[in-house]
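Participant: Just so you know, the sequence shown maps onto residues -26 to -1, 1 to 309 in mature numbering (1 follows the signal peptide of the UniProt record, and there is no 0).
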Amino acid sequence: MRPFERRLITLCSVAMLAAAPARALAIGAEEDAKTLFARGRELRSTGQCEQAVIAFRSALEIYPEGLGALRNIAECEEELGRYASARRDWWDLRRAALQSNEAKYAGWSDDAEARYRALGSKVGTLTVRLKGAEGRPPVQVVLDGKPLDPRLLGVELERDLGAHTVELFYGGAAPIAERAELTPGARQVVTLAVPAPLPGRDALSAPSASGTPASGIRMGGYVALGVGGAGAIATVVALAVRAGALSAVEDGCSPAGGGAYECPPSLQGDYDTGKTASTLAGVFAGVGLVGIGAGVTLLLLSPSEPTAPSPGKPAAELVLTPAPGGLGSRLLVRF
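Dropping the structure here:
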């Protein structure tokens, strides 16, 4: 035997040995599928189509070439009233039978197509539409617990008869949910509207174009008047303290000329208190006058509001009157 022939025989032997386990696995899978198929037939014969479909599905997954399992699934789904699922399985059977070379499946494609068309009038369809999603962040539509491909929005979808739930997740606290009940031949349309976004806090507080904005000048005027009033009150208190100290000094001290007094050590504290109170009274009086003057000016310059007094009647009025030792003032403010 030539070397070339020996090598060829060796390669063929290796290939046959390698193929043997694969054939054994295929034979084992087919046997398991036959066992499951027989179990499904047994369940179906006793009217337990729900459990039979599970057995047939398992057999089909193990051995897809066994088209008998797929046919039994379609027939069981018809019996259960799942016409949409049955139509899908009949169409899958038609395609698989056309691709199969098995003689036992001859004519199955015609049978499958006939059943597919016969169920057309019994199937209910559901169309999901979306409104208000333009220019908004992406939303998600969920049909019976499974996300719906956005490309299927507005498309008639064949679904089994019964209740179906459509949910819209748009970022709110809870999704919007709609429920549809499909009956034989029904054409249901569910329209989900994306809620408009709530106006922000700035939008709520922003004044309208025709409205009058809040006046910061008026607020500043009120603040200045408050400071001026506090200064006036402090001035009165300081003058009262000064008057009490001056009375004690005049009673117990001797005039030294030039407005000064010679006081015994026991009255030195009253004398110092009087001097301090006199200084503070001058300071507080200045603060009060400046605050009142600035407040009145700001109020007069601030924009008018709808409830403002009628023209010719100022919102604030400062009245100066003669008083012993100087001028007295009164501030009249109308709110």
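Ideal Cβ positions, reconstructed from N, Cα and C, are used throughout, including at glycine. Quantities reported herein were computed from a predicted structural model and do not represent experimental measurements.
List the DSSP bridge partners of THR139.
Facilitator: Sequence index remark: in the sequence shown, residue 139 carries index 165 (1-based). In the DSSP output, where bridge partners are listed per residue, THR139 has ARG153.
Participant: Taking all protein chains shown into account, do 16 or more other C-beta atoms lie within 10 angstroms of the C-beta of GLY14, making it buried, or fewer, making it exposed?
Facilitator: One-based indexing of the sequence shown puts residue 14 at position 40. So GLY14 counts as buried.
Participant: Look at ALA64 and ALA86 and say whether their C-beta atoms are less than 8 Å apart.
Facilitator: For the purposes of this step, residue 64 is identified with residue 90 of the sequence shown, where counting begins at 1. For the purposes of this step, residue 86 is identified with residue 112 of the sequence shown, where counting begins at 1. Per the sequence shown, residue 64 should be read as Trp rather than Ala. A contact, by the Cβ cut-off of 8 Å.
Participant: Enumerate in chain order the residues of its own chain whose CB-to-CB distance from PRO239 is below 7 Å, with the five nearest sequence positions on each side excluded.
Facilitator: Within the sequence shown, numbered from 1, the residue matching residue 239 stands at position 265. Counting only Cβ-Cβ distances below 7 Å, and skipping sequence neighbours, we find nothing.
Participant: Hey, could you find the ends of the beta strand (DSSP E) GLN73 is sitting in?
Facilitator: Counting from one through the sequence shown, the residue named residue 73 turns up at place 99. Run containing GLN73: none in the beta strand (DSSP E); it sits in the alpha helix (DSSP H), 57 to 73.
Participant: Under the three-state reduction of DSSP, which class applies to GLN25: helix, strand or coil?
Facilitator: Walking along the sequence shown from the start, residue 25 turns up at place 51. In this structure, GLN25 counts as helix in the three-state DSSP scheme.
Participant: Between the beta-carbon of VAL215 and the beta-carbon of THR247, is there less than 8 Å?
Facilitator: Position 241 of the sequence shown, counting from 1, holds the residue named residue 215. Position 273 of the sequence shown, counting from 1, holds the residue named residue 247. Yes. Within cutoff.
Participant: Quick check on ALA77: does DSSP put it in helix, strand or coil?
Facilitator: If you number the sequence shown from 1, residue 77 lands on position 103. Here ALA77 sits in helix by DSSP.
Participant: Counting C-beta neighbours from all protein chains within 10 Å, is the total for ASP244 16 or more, i.e. buried, or is it exposed?
Facilitator: Your numbering for residue 244 matches position 270 in the sequence shown. ASP244 should be labelled buried.
Participant: Would you check if the stretch 107 to 114 and the stretch 138 to 146 touch, i.e. whether three or more CB-CB distances between them fall below 8 Å?
Facilitator: Contact holds: three or more Cβ-Cβ distances are below 8 Å.
Participant: What number of angstroms, rounded off, separates the C-alpha of GLU51 from the C-alpha of CYS23?
Facilitator: In the sequence shown, the residue the question calls residue 51 occupies position 77. In the sequence shown, the residue the question calls residue 23 occupies position 49. Cα-Cα distance, rounded: 8 Å.
Participant: Could you check how far apart the C-beta atoms of LEU104 and LEU156 are, in whole angstroms? I think they sit under 8 Å.
Facilitator: Looking up residue 104 in the sequence shown gives position 130. Looking up residue 156 in the sequence shown gives position 182. No, LEU104 and LEU156 are not in contact; Cβ-Cβ is about 20 Å, not under 8 Å.
Participant: Going by DSSP in three states, residue 366 sits in which element: helix, strand or coil?
Facilitator: Any answer about residue 366 is impossible in this case: the structure gives the chain only from -26 up to 309.
Participant: Starting from ASP117, follow the beta strand (DSSP E) in both directions and report where the run begins and ends.
Facilitator: For the purposes of this step, residue 117 is taken as residue 143 along the sequence shown, with counting starting at 1. First, the residue type needs correcting, since residue 117 is Leu and not Asp in the sequence shown. Taken as a continuous stretch (DSSP letters only), the beta strand (DSSP E) holding LEU117 covers 114 to 117.
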